[in-house]
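This report refers to the structure that appears directly beneath it.
There are 2 protein chains.
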Amino acid sequence: MTLDDKLAGKTVAVLGGTGPQGRGLARRFAAAGVPVVIGSRKADRAEATAADLVEAVGGTVTGADNEGAAAAGDIVIVAVPWDGHAELLAGLASTLAGKLVVDCVNPMGFDKQGAYPLPVEEGSAAMQARQLLPDSVVTAAFHHVSAVLLEDPEVTSMDTDVLVLGDDREATDTVQALVDVIPGMRGIFGGRLRNAHQVEALTCNLISVNRRYKAHAGVRITDV
Amino acid sequence: MTLDDKLAGKTVAVLGGTGPQGRGLARRFAAAGVPVVIGSRKADRAEATAADLVEAVGGTVTGADNEGAAAAGDIVIVAVPWDGHAELLAGLASTLAGKLVVDCVNPMGFDKQGAYPLPVEEGSAAMQARQLLPDSVVTAAFHHVSAVLLEDPEVTSMDTDVLVLGDDREATDTVQALVDVIPGMRGIFGGRLRNAHQVEALTCNLISVNRRYKAHAGVRITDV
Numbered sequence: 256m257t258l259d260d261k262l263a264g265k266t267v268a269v270l271g272g273t274g275p276q277g278r279g280l281a282r283r284f285a286a287a288g289v290p291v292v293i294g295s296r297k298a299d300r301a302e303a304t305a306a307d308l309v310e311a312v313g314g315t316v317t318g319a320d321n322e323g324a325a326a327a328g329d330i331v332i333v334a335v336p337w338d339g340h341a342e343l344l345a346g347l348a349s350t351l352a353g354k355l356v357v358d359c360v361n362p363m364g365f366d367k368q369g370a371y372p373l374p375v376e377e378g379s380a381a382m383q384a385r386q387l388l389p390d391s392v393v394t395a396a397f398h399h400v401s402a403v404l405l406e407d408p409e410v411t412s413m414d415t416d417v418l419v420l421g422d423d424r425e426a427t428d429t430v431q432a433l434v435d436v437i438p439g440m441r442g443i444f445g446g447r448l449r450n451a452h453q454v455e456a457l458t459c460n461l462i463s464v465n466r467r468y469k470a471h472a473g474v475r476i477t478d479v
Numbered sequence: 256m257t258l259d260d261k262l263a264g265k266t267v268a269v270l271g272g273t274g275p276q277g278r279g280l281a282r283r284f285a286a287a288g289v290p291v292v293i294g295s296r297k298a299d300r301a302e303a304t305a306a307d308l309v310e311a312v313g314g315t316v317t318g319a320d321n322e323g324a325a326a327a328g329d330i331v332i333v334a335v336p337w338d339g340h341a342e343l344l345a346g347l348a349s350t351l352a353g354k355l356v357v358d359c360v361n362p363m364g365f366d367k368q369g370a371y372p373l374p375v376e377e378g379s380a381a382m383q384a385r386q387l388l389p390d391s392v393v394t395a396a397f398h399h400v401s402a403v404l405l406e407d408p409e410v411t412s413m414d415t416d417v418l419v420l421g422d423d424r425e426a427t428d429t430v431q432a433l434v435d436v437i438p439g440m441r442g443i444f445g446g447r448l449r450n451a452h453q454v455e456a457l458t459c460n461l462i463s464v465n466r467r468y469k470a471h472a473g474v475r476i477t478d479v
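In order, the protein sequences belong to chains A and B.
The opening position of the first sequence corresponds to residue 256 in the working numbering, with each subsequent residue numbered one higher.
The opening position of the second sequence corresponds to residue 256 in the working numbering, with each subsequent residue numbered one higher.
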């Protein structure tokens with residue numbers, strides 16, 4: 256398989272790569288031939304997940320603590336729980352300088368009525384990342400991708416588009432190319448980073464869809 | 256054509272029915288055999304639009320001022336500009352008591368960088384409607400439907416789903432049935448009304464998609 260030129264020679268780090276979402280994305284990137292470094296709070300957990308993925312899908316996957324993974328990645332995916340988002344990124348600002356960051360985090364709360372978006376002072380997780388990482392190029396993507404489907408070996412094609420947000424054209428083009436390595440997925444430019452909040456929050460609606468229809472809902476953009 | 260039982264004997268009023276979005280929806284409902292009353296600030300403009308629609312697609316379409324339309328409708332679609340949303344609804348609270356209201360309004364601003372969601376004290380246009388209409392059943396839908404496509408006589412099928420939000424199952428079922436009368440469209444339950452903000456705001460992202468891809472983008476929900 257030949258990767259798009261925009262991805263040539265690039266390693267993807269997945270911070271929070273031992274959680275379902277990060278692990279699922281890492282699995283699909285590895286299967287497509289993209290070199291991956293799993294990051295986690297504990298390096299040994301990251302290494303174990305990396306070994307599992309190599310066994311499952313092959314490819315080049317290694318593990319490290321989040322800082323080590325951030326240092327090793329050219330494209331760095333942030334797939335950590337919202338709870339630890341600010342603290343983690345604040346501590347990695349210098350490590351992530353000059354790198355392409357892809358924030359996938361959905362700030363959500365849950366109560367008896369289901370999921371709801373949490374207010375974020377900076378406007379969204381992605382805007383918080385931009386504020387905390389002034390020397391990185393911050394984009395946002397992969398908010399609506401079902402971790403269950405990503406991790407299901409029987410799902411060979413993901414029936415979903417991924418909205419990619421950001422203010423730097425080269426960066427969003429690169430992230431779209433990364434989306435496109437996953438069979439079935441299509442990266443669609445979805446606007447500037449200031450419009451990330453509603454994309455993050457829409458995950459709450461998809462959770463409602465999943466409950467009502469017993470589905471793993473995704474989003475397709477029509478006429479594109 | 257036989258309408259779904261949930262729509263039998265029901266008239267749909269479209270407040271703001273002389274604007275592109277309202278007029279486009281009215282056109283499609285009328286074409287499907289749903290009786291429609293166009294509402295506008297000025298009754299004569301509403302009557303002229305109604306006459307145009309009857310000529311274009313047939314069906315039963317009349318016009319009235321917004322209050323007259325609200326009184327005549329069993330299901331009342333709110334498709335007015337955000338600017339006049341609160342004032343209009345506050346004045347119609349008693350007329351709309353006991354009725355099913357479908358808010359379609361997207362509070363958006365525009366600057367050099369494109370569209371962005373306007374902050375709404377109540378959380379969203381739909382939540383504002385609920386607050387102003389305590390005796391109505393308020394739902395939200397039709398946010399992402401392209402007015403250009405709705406009004407294009409050559410578009411015989413709309414390739415888009417419509418997220419329907421609300422807290423009353425009978426009401427959201429009825430609105431989904433109303434969506435389903437438009438060929439190609441599918442009404443999908445999209446969660447409680449408190450999660451309407453991000454659905455309204457996502458229109459900003461679709462505007463970015465439209466600009467980038469020269470498209471009239473819609474949204475499909477996969478795995479449903």
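All C-beta atoms, glycine included, are put in the ideal place defined by N, C-alpha and C.
This structure is a prediction, so every number in the text was calculated from the model and none was measured.
>> Along the chain, where does the beta strand (DSSP E) containing residue 338 of chain B start, and where does it finish?
In response: Locating residue 338 of chain B in the second sequence gives position 83, counting from the first residue. Careful: residue 338 of chain B lies outside any beta strand (DSSP E) and carries neither H nor E.
> Is the number of C-beta pairs between the stretch 444 to 459 of chain A and the stretch 280 to 297 of chain B that are closer than 8 Å three or more?
Replying inline: no
>> So, with DSSP's three-state summary, where would you put residue 454 of chain A?
In response: Position 199 of the first sequence holds residue 454 of chain A. Note: residue 454 of chain A maps to helix in three-state DSSP.
>> One question on the structure: do residue 400 of chain B and residue 443 of chain A come within less than 9 Å of each other, judged by their Cβ atoms?
In response: Translated into positions along the second sequence, residue 400 of chain B becomes position 145. Translated into positions along the first sequence, residue 443 of chain A becomes position 188. No; because the gap between Cβ atoms is not below 9 Å, this pair is not in contact.
> What residues in the stretch 349 to 378 of chain B have a beta carbon less than 9 Å from any beta carbon of chain A?
Replying inline: 368, 369, 370, 371 and 372
> Hey, does residue 429 of chain A have any beta-carbon neighbour from chain B nearer than 9 Å?
Replying inline: Within the first sequence, the letter at position 174 stands for residue 429 of chain A. No, no contact with chain B.
> Of all Cβ atoms in chain A, is any one closer than 9 Å to the Cβ of residue 464 of chain B?
Replying inline: Here residue 464 of chain B is taken as the residue at index 209 of the second sequence, counted from 1. Judged by the 9 Å Cβ criterion, residue 464 of chain B is in contact with chain A.
>> I need the straight-line Cα distance from residue 326 of chain B to residue 479 of chain B, nearest angstrom please.
In response: Translated into positions along the second sequence, residue 326 of chain B becomes position 71. Translated into positions along the second sequence, residue 479 of chain B becomes position 224. Going from the Cα of residue 326 of chain B to the Cα of residue 479 of chain B covers about 36 Å.
> Going along the chain, which residues of its own chain have a beta-carbon closer than 8 Å to the beta-carbon of residue 397 of chain A, five neighbours each way excluded?
Replying inline: Indexing the first sequence from 1 puts residue 397 of chain A at position 142. These residues qualify, in order along the chain: 276, 280, 332, 334, 357, 359, 417 and 434.
>> Assuming the contact rule is C-beta atoms closer than 8 Å, residue 473 of chain B and residue 477 of chain A should be a hit. Round their C-beta distance to whole Å, please.
In response: Your numbering for residue 473 of chain B matches position 218 in the second sequence. Your numbering for residue 477 of chain A matches position 222 in the first sequence. Correct: roughly 4 Å between the Cβ atoms.
> residue 473 of chain A versus chain B: which residues are under 8 Å apart at the beta carbon?
Replying inline: Walking along the first sequence from the start, residue 473 of chain A turns up at place 218. Going along chain B in sequence order, the residues near residue 473 of chain A (Cβ under 8 Å) are 476, 477 and 478.
>> For residue 443 of chain B, would you say it is in contact with chain A, using Cβ-to-Cβ distances shorter than 9 Å as the test?
In response: If you number the second sequence from 1, residue 443 of chain B lands on position 188. By this cut-off, residue 443 of chain B is an interface position.
>> Which residue marks the beginning of the alpha helix (DSSP H) containing residue 284 of chain B, and which one marks its end?
In response: Working through the second sequence from its first residue, we reach residue 284 of chain B at position 29. Unbroken alpha helix (DSSP H) run through residue 284 of chain B: 275 to 286.
> So, is the C-beta of residue 453 of chain A closer than 9 Å to a C-beta in chain B?
Replying inline: Reading the first sequence from its first residue, position 198 is the one you call residue 453 of chain A. Residue 453 of chain A counts as touching chain B.
> In the structure shown, what three-state DSSP assignment does residue 296 of chain B receive?
Replying inline: Here the question's residue 296 of chain B lines up with position 41 in the second sequence. Coil.
> How about the stretch 401 to 412 of chain B and the stretch 378 to 387 of chain B: do they share at least three Cβ pairs that are nearer than 8 Å?
Replying inline: no
>> Distance cutoff 9 Å, beta carbons only. Does residue 411 of chain B sit that close to anything in chain A?
In response: Position 156 of the second sequence, counted from the first residue, corresponds to residue 411 of chain B. At a cut-off of 9 Å, the C-beta of residue 411 of chain B has no neighbouring C-beta in chain A.
> Does DSSP put residue 363 of chain A in a helix, a strand or coil?
Replying inline: For the purposes of this step, residue 363 of chain A is taken as the residue at position 108 of the first sequence. Three-state DSSP puts residue 363 of chain A in a strand.
> Taking just the CA atoms, how far does residue 377 of chain B sit from residue 451 of chain A?
Replying inline: As a working note, residue 451 of chain A is residue 196 in the first sequence. As a working note, residue 377 of chain B is residue 122 in the second sequence. Approximately 20 Å between the Cα atoms of the pair.
>> By the three-class DSSP mapping on this structure, what secondary structure does residue 327 of chain A have?
In response: Here residue 327 of chain A refers to the residue found at position 72 of the first sequence. Looking at residue 327 of chain A - three-state DSSP - the assignment turns out to be helix.
> When Cβ atoms are compared, which residues of the stretch 276 to 306 of chain A fall closer than 7 Å to chain B?
Replying inline: none
> Closest by CA to residue 345 of chain B, which one among B:363, B:330, B:321 and B:361?
Replying inline: The sequence position of residue 345 of chain B within the second sequence is 90, counting from 1. Just measuring C-alpha positions, the residue of B:363, B:330, B:321 and B:361 sitting nearest residue 345 of chain B is B:321.
> So residue 495 of chain B packs on residue 420 of chain B, CB below 8 Å; how close in whole Å?
Replying inline: Because residue 495 of chain B is not part of the residues shown, which for chain B are 256 to 479, the question remains open.
> Listing by chain order, which chain B residues have their CB less than 8 Å from the CB of residue 460 of chain A?
Replying inline: Against the first sequence, residue 460 of chain A aligns to sequence position 205. Within chain B, the residues whose beta carbon sits less than 8 Å from that of residue 460 of chain A are 418, 420, 445, 446, 450, 453 and 454, listed in sequence order.
> Between residue 311 of chain B and the rest of its own chain, which residues show a CB-CB distance below 8 Å, the 5 nearest in sequence each way excluded?
Replying inline: Residue 311 of chain B sits at position 56 when you count from the first residue of the second sequence. Answer for residue 311 of chain B: 282 and 408, listed in chain order.
>> Let me check understanding here. Comparing Cα to Cα, which of B:355, B:374, B:303 and B:466 lies closest to residue 273 of chain B?
In response: The residue given as residue 273 of chain B occupies position 18 in the second sequence. With distances taken between CA atoms, residue 273 of chain B lies nearest to B:303 out of B:355, B:374, B:303 and B:466.
> Exposed or buried, residue 453 of chain B, counting other C-beta atoms within 10 Å across all chains shown (16 or more means buried)?
Replying inline: Translated into the one-based positions of the second sequence, residue 453 of chain B becomes position 198. Buried, because 16 or more other Cβ atoms sit within 10 Å of the Cβ of residue 453 of chain B.
>> Quick check: the Cα distance between residue 306 of chain B and residue 447 of chain A, rounded to an integer number of angstroms?
In response: One-based indexing of the second sequence puts residue 306 of chain B at position 51. One-based indexing of the first sequence puts residue 447 of chain A at position 192. Taking the straight line joining both Cα atoms gives about 42 Å.
>> Is the beta carbon of residue 324 of chain A closer than 9 Å to that of residue 308 of chain A?
In response: Residue mapping note: residue 308 of chain A aligns to position 53 of the first sequence, counting from 1. Residue mapping note: residue 324 of chain A aligns to position 69 of the first sequence, counting from 1. In this structure, residue 324 of chain A does not lie closer than 9 Å to residue 308 of chain A by Cβ.
>> Quick test of your reading: residue 429 of chain B and residue 330 of chain B, contact by CB under 8 Å. State the CB separation rounded to the nearest angstrom.
In response: Along the second sequence, one-based indexing puts residue 429 of chain B at 174. Along the second sequence, one-based indexing puts residue 330 of chain B at 75. Going by Cβ atoms, the distance from residue 429 of chain B to residue 330 of chain B rounds to 7 Å, so yes, they are a contact pair.
> Anyone know if the C-beta pair for residue 462 of chain A and residue 363 of chain A falls short of 9 Å?
Replying inline: To locate residue 462 of chain A, count along the first sequence from 1; it is residue 207. To locate residue 363 of chain A, count along the first sequence from 1; it is residue 108. The answer is yes: Cβ separation under 9 Å.
>> Among A:260, A:449 and A:270, whose alpha-carbon lies nearest the alpha-carbon of residue 340 of chain A?
In response: Translated into positions along the first sequence, residue 340 of chain A becomes position 85. Ranking A:260, A:449 and A:270 by Cα distance to residue 340 of chain A puts A:270 first.
>> I'd like to check one pair, residue 337 of chain B with residue 402 of chain B: are the Cβ atoms closer than 9 Å?
In response: Numbered from its first residue, the second sequence carries residue 402 of chain B at position 147. Numbered from its first residue, the second sequence carries residue 337 of chain B at position 82. In this structure, residue 337 of chain B does not lie closer than 9 Å to residue 402 of chain B by Cβ.
>> Does the CB of residue 317 of chain A have a neighbour CB from chain B at under 9 Å?
In response: Sequence index remark: in the first sequence, residue 317 of chain A carries index 62 (1-based). With 9 Å as the cut-off, residue 317 of chain A does not count as an interface residue toward chain B.
> Roughly how many angstroms separate the alpha carbons of residue 353 of chain B and residue 367 of chain A, rounded to a whole number?
Replying inline: Taking the first residue of the second sequence as position 1, residue 353 of chain B is located at position 98. Taking the first residue of the first sequence as position 1, residue 367 of chain A is located at position 112. Residue 353 of chain B and residue 367 of chain A: Cα-Cα distance of roughly 27 Å.
>> Taking 8 Å as the cut-off, is the C-beta of residue 335 of chain B nearer than that to any heavy atom in the ligand GDP?
In response: This structure lacks the ligand GDP; in fact it carries no ligand of any kind.
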